[in-house]
Structures are given as C-alpha cells and as structure tokens.
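Worksheet for the structure shown next.
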Amino acid sequence: MSVVQIKKNRAIGPGQPCYIIAEIGINHNGSLNIAKQLIDAAVTAGCDAVKFQKRTPELCVPKDQWEKMRDTPWGRMSYIDYKRKTEFGLEEYTAIDDYCKARGIDWFASCWDEPSVDFMEQFQP
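Following the working numbering, the numbering of the sequence shown begins with 1 at its first residue and continues without gaps.
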C-alpha cells in the first residue's frame, strides 16, 4: 500500500496518522443547527472530517413506500415527505461548507445516486 496525498498537507497510508471521519449521515434530521452541533462535536473529538449522506428521495425510496404513513419527529407523514424533509439542498450544503472551513474540518458526502453526485460536485470539500 502506498501513501496517498488527499490534501496539500495531508497524506494517508502506512506511517501516517489515522484519518478519523465522524459519520453524521442524516442524523441532523434536516436541521442545519443540529448539523452544526454535530460538526462541533467532531471538531472537539479531534476528528479530521465529517461525512454526510446525500440522496434523491424520488430515486432512493421505492415507489411502493412513498405513501406509507410514518411517525416522525414532525408528526405523521408519508415516507417520501419524511425523506424529502431530512434532505439538505444547496443552501444548507453551502452553509455546511462555510462552517466546516471556518472550523478547520474536512467534509464530504456519500452519494446514493447520480443526481446527488452531480449536485455535490459543485463543492470542493
């Protein structure tokens, strides 16, 4: 295994310090404030990066599940509406990008579908 340079001043591989990633996923429940609190916790814990998840609900939720009613933190709603409510868009990810840069922590998102990859490419986390 060789050493891989992932940033100007950061390498990963044999002999390099462990690169620690805090998984935020969608645990922010669609709240930018909660996302920032989770980023802060990762910074305090000494993590190198935080990872979110990005998906297009219409592609990732099976159509036969769309109208199934679910109990959510916001009351009862269809599963597709719940998934839409927990997804971040351009405004939120721009704020996350700015916040992570200010806090000095890397960030990225695992994408569940091609439109999400296309969306995330506008950022250079």
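The beta-carbon is built from N, C-alpha and C at its ideal position, and this holds for glycine as well.
Note that the structure is predicted; figures quoted are calculated from it, not measured.
Helix, strand or coil at residue i according to DSSP, with G and I counted as helix
i, result
"residue 8", "coil"
"residue 119", "helix"
"residue 71", "strand"
"residue 50", "strand"
"residue 22", "strand"
"residue 91", "helix"
"residue 3", "coil"
"residue 37", "helix"
Whether residue i touches residue j by CB criterion (8 Å)
i, j, result
"residue 22", "residue 35", "no"
"residue 112", "residue 55", "yes"
"residue 93", "residue 123", "yes"
"residue 87", "residue 30", "yes"
"residue 48", "residue 20", "yes"
Spatial neighbours of residue i in its chain, beta-carbon cut-off 7 Å, leaving aside the 5 residues before and after
i, result
"residue 2", "13"
"residue 95", "32"
Sheet register partners of residue i (DSSP bridge)
i, result
"residue 111", "54"
"residue 78", "69"
"residue 106", "49"
Cutoff 6 Å; reference residue i; Cβ partners in own chain excluding five residues on either side
i, result
"residue 213", "Summary: the structure shown does not reach residue 213, with the chain confined to residues 1 through 125, and so no result is reported for it."
"residue 59", "113"
"residue 11", "3, 5"
"residue 76", "69"
Spatial neighbours of residue i in its chain, beta-carbon cut-off 8 Å, leaving aside the 5 residues before and after
i, result
"residue 116", "54, 55, 56, 109"
"residue 105", "39, 42, 43, 47, 48, 49, 50"
Cβ pair count under 8 Å reaching 3, the region 5 to 19 against the region 58 to 73 | no
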